[in-house]
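Structure first, commentary second.
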Amino acid sequence: MMGYSLAHSAMTAGYHTTYLPSYGAEMRGGTANCTIAVADEEIASPISSEPDYLVVMNMPSLYTFQNKLTPGGALFINSSIVDARPSRQDIEVFAVPCGKIAESLGDIRASNIVMMGAFIRKTSLVTLDTYLRSLETIMGSKKKKAMEINTKALAAGYELLKIS
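Counting in the numbering used here, the sequence shown runs from 424 upward without gaps.
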């Protein structure tokens with residue numbers, strides 16, 4: 424959902440965008456990751472061998488993907504679950520306690536939206552308003568309670584990295 428909503432908001436903002444999801448063999452609750460390419464011009468390939476940004480929501484993802492990040496790139500870690508830190512010294516690391524913040528807002532499922540707030544703050548890829556409009560489009564107008572929590576979660580993640 425994080426990847427899809429980011430790709431949707433980047434398209435809404437007028438960027439060329441590709442979204443390439445990858446799901447583990449398990450159905451629900453299995454591993455998932457995605458690659459999103461965002462550019463001002465046409466994108467030749469949706470595959471990125473060295474992304475500029477990496478969002479890690481669990482420990483296996485840190486170990487699997489940290490070395491793919493380009494030198495000088497930014498790594499966003501869900502520090503509520505991932506207690507390890509990358510072995511690399513050539514990247515910028517942002518530890519975001521997504522689960523803790525989402526839980527304080529009343530819904531642990533909003534962890535990914537907390538992370539999106541932090542990601543948007545540091546990357547300025549899209550605006551908060553553009554992201555929220557995209558999220559509402561994706562979720563539909565019948566999920567008002569979920570949108571209320573997601574709006575708070577997005578703002579909390581955004582504000583968390585304001586001071587760093």
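Each residue gets a CB set at the ideal place from its N, CA and C atoms; glycine is no exception. None of the values given here were measured: they were computed from a predicted structure.
Rounded separation between residue i and residue j - CA only
i      : j      : result
Ile531 : Ser547 : 25 Å
Thr435 : Ser557 : 7 Å
Pro469 : Lys565 : 32 Å
His533 : Asn573 : First, the amino acid is wrong: residue 533 is Ala here, not His. Each residue's Cα considered, the two are about 6 Å apart.
Lys567 : Gly529 : 15 Å
Glu559 : His431 : 11 Å
Gly495 : Gln489 : 12 Å
Thr454 : Val505 : 15 Å
Ser510 : Leu551 : 32 Å
Met570 : Val549 : 18 Å
Met424 : Asn456 : 10 Å
Met480 : Ala507 : 12 Å
Gly563 : Leu555 : 12 Å
Ser445 : Pro474 : 16 Å
Thr553 : Gln512 : 33 Å
Within 9 Å, strictly: CB atoms of residue i and residue j
i      : j      : result
Ala460 : Ser472 : no
Ile514 : Gly580 : no
Leu516 : Met538 : It is worth fixing the name first, because residue 516 is Val in this sequence and not Leu. Taking 9 Å as the Cβ cut-off, Val516 and Met538 do not qualify as a contacting pair.
Ile466 : Thr441 : yes
Anticipated Cβ contact below 8 Å, residue i with residue j, distance rounded
i      : j      : result
Leu443 : Thr458 : 5 Å
Ser428 : Ile561 : 6 Å
Lys545 : Leu584 : 6 Å
Practice prompt. Only counting runs of 3 or more residues, tell me where the beta strand (DSSP E) segments fall wholly within the region 494-576, in order along the chain.
Written response: 497-501, 515-519
Spell out a yes or no on whether the region 515-531 and the region 424-440 are touching, meaning 3 or more CB-CB pairs, one atom from each, closer than 8 Å.
no
| query | Would you say the region 480-487 touches the region 500-512, given that touching needs at least three Cβ pairs under 8 Å? | reply | yes
### Query
What are the start and end residues of each continuous beta strand (DSSP E) run of 3 or more residues lying completely inside the region 457-492, in chain order?
476-479
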